[in-house]
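Counting from -16, one number per residue, gives the positions in the sequence shown under my numbering.
For each residue, glycine too, the CB sits at the ideal point set by N, CA and C.
Okay, structure first, notes after.
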Amino acid sequence: MAEPSTSAPSLLNAPRTNTVAWLVFTLGLLLSTALIWHLERQDQQQARALANDVATDHARYLERGIGQALAANKALAAAVAQTHGSIQAFEETARHLIVMYPEVSAMSLAPNGVIQVVVPLVGNEGALGFNQLNSPQQQHEAERARDSNQLTLAGPMPLAQGGTGIVGRMPVFLEAGKFWGFTNVTLRLESVLKTARLERLTARGYDYVLWRVPPGSDTPQIIQAAGTTLSAATVHQRIELPNSEWMLSVMPRSGWLNPTTLLMRALAGLLFASLVGALTKLLLHLKAHEANLEQMVNQRTQQLQDAQRQLRATIDAIPDVLMELDREGHYISVHSPRPDMLAAPREALIGKRFTEFLPEKDSRIVFNALQIAETSGWASGFRLQVPTRDGHSKWFELSVARKSPAFASEAHFMVLSRDVTERVQAEQELYLTSQVFRQSSEAIVISDAMHRIVQINPAYCRLSGFGAPEAIGQLASLDMAQSGAPGELPAEPYLLVQRTGQWEGETQGMHRNGTPYQQYRTITALRDEQGRLTHCITLFRDITQQRRDQERIRHLAHFDALTGLPNRSLLSERVTQAIQNQRTAEGCAALLFLDLDHFKNINDSLGHRVGDRVLVALARRLQLQLRPQDTVARMGGDEFVVLVYGRQMADVEALAQKLLDSTAAPFQIDGHELTISLSIGIATYPVDGDGFDTLYQRADAAMYRAKQSGRNRYSFFTAELEARSARTLHIANALRRALEREQFALHYQPQLDTHTKAVIGAEALIRWYHPELGQVSPAEFIPIAESTGLIIGIGDWVMRTAAQDMRRWLDMGITLRTVSVNLSPLQFQHHHLPEQVARNLAHARLPAQHLMLELTESAAVDDPAAAIAMLDRLNRQGVRIALDDFGTGYSSLSYLKRFQIHKLKIDQSFVRDLEQDANDRAIIVAIIHIAKALGMDTLAEGVESEAQLDFLQAQGCNFVQGYLFSRPLPAPQFEALLLACTPAS
């Protein structure tokens, strides 16, 4: 291969390089010239602007100096006009003005243009008799002053009295516009020019020309000049004088351009153009040299690529991963025929250490292989597990060789990584199979085609008691209990598996020591490719404990864990069987539903352990009252059900009474003598139902009737009870939709002041009209709402609606203290009640003191501590609290003094008969006195007569409500009543 030429391109391009360099130099020179011209022009503009500012300042000085001096002429003209042209006092006036205006050298009067009086006269005698309107030098300016009737500055001019000056002429006109003449003020030119401070222009380096164009002439008159001529000055500033105009022209003494700066800029431009040209030539030479080098590199690169392709073909033929690593474990190069064999893409591996991709354990293995290879030159047989990009991992076996030092400044290693995943998996599967065989909790037996044992696992020895030396060679049924002599013929399952290929089932095992146990055995046949039996694999486990557990579970599923009595599931089966038997027999079958009265009190006071012992003792007593074929079952809690059949109705009733009597005897439990009672509901087959669920439901309903009737009694199910249960269910279902269908309404009963008879409040009472049920009494649906929990939502609606109505009445100007809302015990015990009250008050914008919450005694004393806490929270909100139906419940004075109550409501049961019953009167008097002593108000309900009102008024009852005043009224009618009672404002 010929060596490339490196000099020919540069020699061929030399003329072209010089030409391009000169072109670049010329272009740089042009750019520099343009820049210098722009900078010089900008400097000249700045210098002209500065010169104009300086000229303006001096022009203004001159304007002010002349203007101030000529002000004396206006004063003089005014004096002449006031004396109607008299000049008698002129001299005295002029002397005063000359003193006041030092720039003035003389003042004169010229009636009809002829100067007749001059002050001072000395030195100015030549001015007397001078006719200004006829003077060739002053005629034009005098006429101009007269014709314009303006103060006019004339000059500079030679003065009649000698010297050069400027004259300010002020024409004087008398009445009817008659021209009188002039008042003249003469200013010495040198005095005037001093005010312009022109010497400062010279000091600042400026030459100047002060000039004017006289009237009637086109030739400029040079007033004063310094260092220049009018034609050379280029900046002109106008000086506005009385009816005249001067010009001040200036220019820098050194000219507008700075030769030094221009020279420096020209040299810098030339230097820039030269540098650009030189750099261009240098870059072109470098470019030519680069092209030569590129040609050489391309030739060398082609040679290397050919060699690399040969090497790549060789490497690609290797099916394994080939890597080059340094001593620290960095990837120098990586080759793999399959990307999935790498822990990361090849590009992500290069430069990284393999420790970033391998677990610490495998990293130590690689480092160990590298150390051995560095010492001995090579290493092999190292296995490691590498995670792959697909989330799995592969096993590799490493072979490492140290690279020749001639190719690297430090130790590098060639690592061949062979995928041995399948080999490792096969080894692991073999090991796992061995471990399963050894560690299995089930016995495993491998037998030959003759069912002779060839291998057993440790579990077999543990379950059967036979060791390996004893079992090998024996029949596989060695551990089974057999009727024949062991070791003669295979057991029946092994004979069956020869035909079916598999058998499983329970067998009776026999331990080596003769102890029988229950087995679950599986036998599988193994056959060769021709279908011949080669081996059998037997697995069995001891299921003795499992059978015992299943029996226990069956018992737990049908019997109560505490009392050992049948549970609901077993009772259902027995009821079904009893009904089947009773269909062909005389008498009836009956379910007696038993529920302990107030059993909760025992659990709450003595604990559940004592309660459980009472239930166990009761179960024993109940069993003693029954025949062997009868059943007593526990449903859970304190509920039991007794099943009897083959009895007459009289026998069933007698049994119910017998159960009540047996329970009445006291129970002795842990030193406590406990007396309990039962409420029993009875349903019979076939009268009350023909299935377990129906009989159970109706016996339950009858039991609740017994509880409502006073407890400690029995009650039979009746059709009327069924109808009541159906109506209760219907009402409960209808209540769930009553709120959203807006079926509720509030009626209000007024509350009056006992003494003034004024309406001071109202009690909100809920009413419900259902489309099908009609008007449903609160006494009927409120207990159902409480039992179903619906009372929470209903009570919230009542409170919200009452608050909104109260707000409306207050906005109408109706004076009403409070609206009372009844709380059910369930509402009062709800921990979110204060938040509910606050939300409703905020929604209605009603102050808290206008809401009265009424609760019953029972709601407050069920949990006194919780009641006190709840009342404290409500009182902190500012709402009022009333205790409703006081005297009908516990009437605990201890609780009453602890509760923060504002009002006691006397129940209508005491008010109704107070005219006839002295006890009612005494109770009312006591309640009123207690309330007064505790600082509470009292309100009597149900007042229906004047006699009742008189008595309550006499005893000091604060408020009353009842039919004597008004029935509960719908909101619109109650509102009308309030408006009728409210005096017009």
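Residue i - DSSP class collapsed to helix/strand/coil
i	result
residue 797	coil
residue 567	coil
residue 1005	The structure shown does not extend to residue 1005, since the chain spans only -16 to 968, so no value can be given for it.
residue 549	strand
residue 468	Reliability of the predicted coordinates at residue 468 is poor, the pLDDT of 45 falling under 50, and the value obtained from them is presented with this limitation in mind. Three-state result, residue 468: coil.
residue 500	strand
residue 311	coil
residue 180	coil
residue 559	helix
residue 402	strand
residue 113	coil
residue 299	helix
residue 926	coil
residue -2	helix
residue 837	strand
residue 340	coil
residue 970	No answer is possible for residue 970: it lies beyond the span of the chain, which begins at -16 and ends at 968.
residue 581	coil
residue 700	coil
residue 963	helix
residue 335	coil
residue 919	coil
residue 970	Beyond the ends of the chain as shown, which are -16 and 968, falls residue 970; an answer cannot be given.
residue 824	helix
residue 147	strand
residue 508	strand
residue 911	helix
Local Cβ density within 10 Å of residue i, reported as buried at 16 or more and exposed below that
i	result
residue 497	exposed
residue 957	buried
residue 1	exposed
residue 476	buried
residue -1	exposed
residue 289	exposed
residue 587	exposed
residue 712	exposed
residue 725	exposed
residue 807	buried
Own chain, CB closer than 8 Å to residue i, minus 5 neighbours either side, in chain order
i	result
residue 218	31, 34, 35, 38, 232, 233, 234
residue 485	505, 506, 507, 508
residue 332	314, 317, 325, 326, 340
residue 417	none
Contacting residues, own chain, Cβ-Cβ under 7 Å from residue i (five flanking each side not counted)
i	result
residue 708	684
residue 446	426, 525
residue 649	656, 657, 658
Near the ligand NAD: residue i beta-carbon under 7 Å from a heavy atom
i	result
residue 453	Of the ligands one can find in the structure shown there are none, so the ligand NAD has no counterpart to examine.
Cut-off 6 Å between Cβ atoms - residues of its own chain near residue i, not counting five sequence neighbours on either side
i	result
residue 965	797
residue 120	140
residue 679	none
residue 185	209
residue 12	256
residue 787	827
residue 748	730, 951
Start and end residues, beta strand (DSSP E) containing residue i
i	result
residue 94	87 to 94
residue 656	655 to 657
residue 105	It is not in any beta strand (DSSP E) - residue 105 carries neither H nor E in the DSSP assignment.
residue 162	162 to 171
residue 493	485 to 493
For residue i, the first and last residue of its enclosing alpha helix (DSSP H)
i	result
residue 662	Premise fails: residue 662 lies in the beta strand (DSSP E), 661 to 668, not in any alpha helix (DSSP H).
residue 625	From DSSP, residue 625 is part of no alpha helix (DSSP H) but of the beta strand (DSSP E) over 622 to 630.
* What are the complete beta strand (DSSP E) segments, minimum 3 residues, inside the stretch 705 to 790? -> 727 to 736, 742 to 753, 757 to 759
* alpha helix (DSSP H) runs wholly inside the stretch 198 to 259, at least 4 long, in chain order -> none
* Asked: For the stretch 845 to 904, which segments carrying the alpha helix (DSSP H) assignment without a break, of at least 4 residues, lie completely within its bounds, in sequence order?
  -> 847 to 860, 876 to 881, 891 to 895
* Can you check the stretch 405 to 444 for any beta strand (DSSP E) of at least 3 residues that lies completely inside it and give the ranges in chain order? => 426 to 431, 436 to 439
* To do: Please go through the stretch 572 to 620 and give each complete beta strand (DSSP E) segment of 3 or more residues, from N-terminal end onward.
  => 614 to 619
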